[in-house]
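Peer 1:
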Amino acid sequence: MNKKTVIEIWVGVFMALGLVALFFLAMQVSNLGTAYTGETFDVNARFDNIGGLKVKAPVTIAGVEVGRVTGIRYDAEDFRAVVVMGIQEQYLERIPEDSFAKILTAGLLGEQYVGLDPGGSEDTLAEGSEIAVTQSALVLEEVVGQFIFGKAKEGT
Amino acid sequence: MIGFFAKLGGWGLQALTRLGRAHLLLLSMMRGLLEILRRPRLLLDQVFSVGVLTILIIAVAGLFVGMVLGLQGFYILSRFGGETALGLMVAASLVRELGPVLTALLFAGRAGSALTAEIGLMKATEQLSGLEMMAVNPEHRVLAPRFFAGFLSVPLLAALFSMLGVMGGWMVGGGMLSVDQGAFWNGMQNGIDFREDIINGVIKSVVFGFVCTWIAIFQGYDCVPTSEGVSRATTRTVVHSSLAVLGLDFVLTALMFS
Amino acid sequence: MSKAENIDPTPPLVRIRGLRFRRGSRWIFDGVDMDIPRGKVTAIMGPSGTGKTTLLKLIGGQLRPDEGTVEVDGENVHALKTPDLYRLRMRMGMLFQSGALLTDMSVFENVAFPLREHTGLTESMIRKLVLLKLEAVGLRGARDLMPSELSGGMARRVALARAIALDPMMIMYDEPFTGQDPISMGVLVQLIRRLNDAARISSVVVSHDVTDTLRIADQVHVISNGRVVESGSPAQLQESGGDWTRQFIQGLPDGPVPFHYPAASLREDVLELPA
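Residue numbers (this note's numbering), protein chains in the order written: chain A, 1 to 156; chain B, 1001 to 1258; chain C, 2001 to 2275.
(1) Counting only C-beta atoms, is glycine 1130(B) closer than 7 Å to chain C at any point?
(2) Looking at chain C, which residues of the stretch 1046-1072 of chain B have a Cβ within less than 8 Å of any of its Cβ atoms?
(3) Using the Cβ count rule (16 or more neighbours within 10 Å means buried), how would you classify tryptophan 1011(B)?
(4) Determine which residues share a DSSP beta bridge with serine 2207(C) and list them.
(5) Between valine 1136(B) and chain C, is there a C-beta pair that is closer than 7 Å?
(6) Just the Cα atoms here: how many angstroms apart are lysine 2003(C) and glycine 2232(C)?
(7) Any C-beta of chain B sitting closer than 7 Å to the C-beta of glycine 71(A)?
(8) Residues of chain B with CB closer than 7 Å to the CB of isoleucine 7(A), please, in chain order.
(9) Compare the C-beta of tryptophan 1113(B) with all C-beta atoms of chain A and state if any pair is closer than 7 Å.
(10) Listing by chain order, which chain B residues have their CB less than 9 Å from the CB of arginine 2156(C)?
(11) Cα-Cα, which of Val2222(C), Ser2224(C), Gly2031(C) is closest to phenylalanine 2021(C)?
(12) What residues from chain B crowd round histidine 2118(C), counting only those whose CB sits closer than 7 Å?
(13) Any beta-carbon of chain B closer than 7 Å to the one on asparagine 2(A)?
(14) Who are the near neighbours of aspartate 1249(B) in its chain, counting only those whose CB is closer than 6 Å to its CB and skipping five residues on each side?
(15) Which residue's Cα is closest to the Cα of glycine 1288(B): Arg1141(B), Asp1222(B), Arg1232(B)?
(16) Return the chain-ordered list of same chain residues with a C-beta closer than 8 Å to the C-beta of leucine 1967(C), the five sequence neighbours on each side being excluded.
(17) Out of Met1001(B), Ile1055(B), Leu1025(B), point me to the one whose CA is closest to leucine 1156(B)'s CA.
(18) Give the secondary structure of valine 1179(B) by DSSP, where H, G and I count as helix, E and B as strand, and everything else as coil.
(19) Please go through the same chain and pick out, in chain order, the residues whose beta-carbon is closer than 6 Å to the beta-carbon of glycine 2061(C), but skip the five residues on each side of it.
(20) Under 8 Å: do the stretch 1166-1182 of chain B and the stretch 1076-1094 of chain B share three or more Cβ pairs, one atom per stretch?
(21) Measure the alpha-carbon distance for methionine 1134(B) versus arginine 2116(C) and round it to whole angstroms.
(22) What in chain B is Cβ-close to glutamine 2062(C), meaning under 8 Å?
(23) Tell me, please, which residues DSSP counts as bridged to tyrosine 113(A).
(24) If we cut at 7 Å on Cβ distances, does glutamate 1083(B) have a partner in chain C?
(25) First and last residue of the alpha helix (DSSP H) that includes isoleucine 1057(B)?
(26) Could you give the DSSP three-state label for methionine 2169(C): helix, strand or coil?
(27) What does a CB cutoff of less than 7 Å around methionine 2001(C) pick up in its chain, not counting 5 residues either side in sequence?
(28) Quick one: is methionine 2090(C) buried, meaning 16 or more other Cβ sit within 10 Å of its Cβ, or exposed?
(29) Span of the beta strand (DSSP E) holding histidine 2093(C)?
(30) Sort Glu2272(C), Asp2209(C), Asn2225(C) by Cα distance to methionine 2045(C) and report the nearest one.
(31) Whole angstroms are fine: how far does the CA of proline 1145(B) sit from the CA of arginine 2157(C)?
(32) For methionine 1134(B), does the three-state DSSP call read helix, strand or coil?
(33) Give, in chain order, every unbroken run of the alpha helix (DSSP H) that is at least 4 residues long and sits entirely within the stretch 2224-2270 of chain C.
(34) How close, in whole Å, do the beta carbons of tyrosine 2173(C) and valine 2137(C) come, if the pair is a contact with beta carbons under 8 Å?
(35) Between which two residues does the beta strand (DSSP E) harbouring asparagine 44(A) extend?
(36) Look up phenylalanine 2029(C) in the DSSP assignment and say whether it is helix, strand or coil.
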């Protein structure tokens, strides 16, 4: 075979390998393969305490991911945290308005995420709606504190 | 005392002129891009000698680094029952740091030193001068294709390194040490963000490829055209490239992941 | 002598005026004036280290003089813009001491290189031209060899074929005779003469090899200490009265250029007397 052709083939192989590797990193190693990239609508929820919740944390209903946290800010008016959630468009007008939002932890020490418990209302969540009923994150120190306080009360 | 300051000043002046020459060369090579677009064959040949011939060392190194990461990670993580995070640990350290950095270091040692020696020898044997007298600009015709070939090859090599590293970690973790397969891949996918980790890793390797190839070509082109000069330039290429990669890695990491 | 002094209506091919050039603090050329005529073999001679190669690089525009002008074919080399300089260089061939063949290409590709770079000729045209040029230097049969497989003399002849590939108006030979055995020396001398006379390519030969250079040169310039010390035909030079030129041409070990590198007297040195 001609030396020129050999070089061409090898360079082709190299380029293909490199691109396959990049593709592998994108789809198999990172979250790109599993991430939802379509349209979303924003829903707000106010929490007394969000614990360790981070932007991009999943939002789930019955354990199935329906969206992601897209923003977290502090409202100085009522001293609470406002969590903005981007919910996938396919669930627009499918989630009851009186759903219950709580911050949960995956496993004992895992990442925190938002779980939605559907309510019974006819009205549904849409762009800009706000979830009224929320439950804050469990903060370990508070739990331990309550436990000790409870024990102490029992003792009296 | 005055002699000392004069020496220091002279040294500083020399360093500055070298820096200036290096940037002028970079500019000239950028202009050479036009010629490469007209004749892609020039680039092709260089991608072969710069990129393809480096695949083997990158592949072997990537695989072994991944396997070692798998082993070490497993021992540490299993102490507090976190074996399921092995995939994430292996992938994160490869994609963010080890892939781009080790690839660049290996590239400087394998391809960079070869580039310097080749260009230095071309200078010593008057081939570059000869090109100039044939009305061919060696900066465009000889140096620019090598530069862009290196610039193009390093990110691909780094991706290859990371991929094989993840495979290596998976072989050790999933095969030898029985970490749950689902947990391995799932933890990896949940923990590695495409934009934050993969893209930043690729940006790193692009920067490293740029710097390493630039240093290698400049050292060859600027060397004293004797056999001693070429050998010194080759050593300088490896030393300067390695230091530049490690220093830049710190700066880039601080910028990207802070 | 009459040949050199014929009044030439055309201006000289290369005209150097007041050329000064220095490396660091040392003046390599300190006011050189020189004319190189068309259609002749002009030799530039001088001991090693006098910057003969540097002079060729100044003519080719690879180096820039500190003062003075170099005109080639009526154009001031160092005032030209890069594209114009390159166009001028296409008409100048240069034969380097080492041949300067591109080591990663075969003999054929080396000779084809300038044609591929500068002409849009078809592959079959290039093949014909390359074979003709190689035939002229007698190496058509060696076209598939790599430069590493060539002897020094052959490499120089291939480089010569490459230098004439674009049919230049002049060729500069940098030390063409150094390190050649008598046979390849004879071949080169004959080639230079033949290219000059048959192909009307003006030749500039830089050398310190006296006998062979004087054999082919029509005109000789001798440079020493940054100046032209003697000019004329070979015959003129051989009977010249200058001490320095006589020493150089006849290869005398001692003369104006002393045998001893400057030092204190032997007696002082050996006996370690204070100077």
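No residue lacks a Cβ here, since even glycine has one placed at the ideal position from N, Cα and C.
Model, not experiment: these values are computed from the prediction.
Peer 2: So, from the data block:
(1) Interface residue, yes.
(2) Correct list: empty, as no residue qualifies.
(3) Tryptophan 1011(B) comes out exposed.
(4) Met2045(C).
(5) Chain C contact via Cβ: present.
(6) Low confidence applies here, because lysine 2003(C) scores a pLDDT of 44, under 50, leaving its location unreliable and the question unanswered by this model.
(7) For glycine 71(A), the answer is no, since every Cβ of chain B falls outside 7 Å of its Cβ.
(8) By Cβ distance, chain B contributes Leu1044, Asp1045, Phe1048.
(9) Note on identity: in this sequence residue 1113(B) is serine, with tryptophan being the wrong assignment. By this cut-off, serine 1113(B) is not an interface position.
(10) Listed along the chain, the chain B residues whose CB falls inside 9 Å of the CB of arginine 2156(C) amount to none; the nearest CB is some 12 Å away.
(11) Comparing Cα-Cα distances from phenylalanine 2021(C) to each of Val2222(C), Ser2224(C), Gly2031(C), the minimum goes to Gly2031(C).
(12) Ala1135, listed in chain order.
(13) Chain B contact via Cβ: absent.
(14) Excluding positions up to five away in sequence, the list reads Val1101.
(15) Chain B is shown only over 1001 to 1258; residue 1288(B) falls outside these bounds and no answer can be derived.
(16) Given a span of 2001 to 2275 for chain C in the structure shown, any question on residue 1967(C) remains unanswerable.
(17) Residue Ile1055(B) is the option with its Cα nearest to leucine 1156(B).
(18) Note: valine 1179(B) maps to coil in three-state DSSP.
(19) Counting only residues of its own chain and dropping the five nearest sequence neighbours on each side, glycine 2061(C) has a CB closer than 6 Å to the CB of Val2077, Leu2085.
(20) Flag = yes, the stretch 1166-1182 of chain B and the stretch 1076-1094 of chain B touch.
(21) Per the coordinates, the alpha-carbon of methionine 1134(B) lies some 12 Å from the alpha-carbon of arginine 2116(C).
(22) Residues of chain B whose Cβ lies closer than 8 Å to the Cβ of glutamine 2062(C) are, in chain order, Ser1129, Glu1132, Met1133.
(23) Its beta-bridge partners are Leu104(A).
(24) Glutamate 1083(B) does not count as touching chain C.
(25) Per DSSP, isoleucine 1057(B) belongs to the alpha helix (DSSP H) from 1055-1079.
(26) In this structure, methionine 2169(C) counts as coil in the three-state DSSP scheme.
(27) At methionine 2001(C) the pLDDT is 40, less than 50, meaning the model places this residue with poor confidence; the figure from the coordinates comes in the next sentence. Counting only residues of its own chain and dropping the five nearest sequence neighbours on each side, methionine 2001(C) has a CB closer than 7 Å to the CB of Ser2233, Ala2235, Gln2236.
(28) When all chains shown are included, methionine 2090(C) counts as buried.
(29) Residue identity differs from the one stated: residue 2093(C) is glycine in this sequence, not histidine. From DSSP, the beta strand (DSSP E) with glycine 2093(C) extends over 2092-2095.
(30) Nearest option by C-alpha distance: Asp2209(C).
(31) Straight-line measurement puts the Cα of proline 1145(B) at about 29 Å from the Cα of arginine 2157(C).
(32) Reduced to three states, the DSSP call for methionine 1134(B) is coil.
(33) You should have 2234-2238, 2243-2250.
(34) Going by Cβ atoms, the distance from tyrosine 2173(C) to valine 2137(C) rounds to 13 Å, so no, they are not a contact pair.
(35) First-last of the beta strand (DSSP E) with asparagine 44(A): 40-47.
(36) The answer is strand: DSSP assigns phenylalanine 2029(C) an E or B state.
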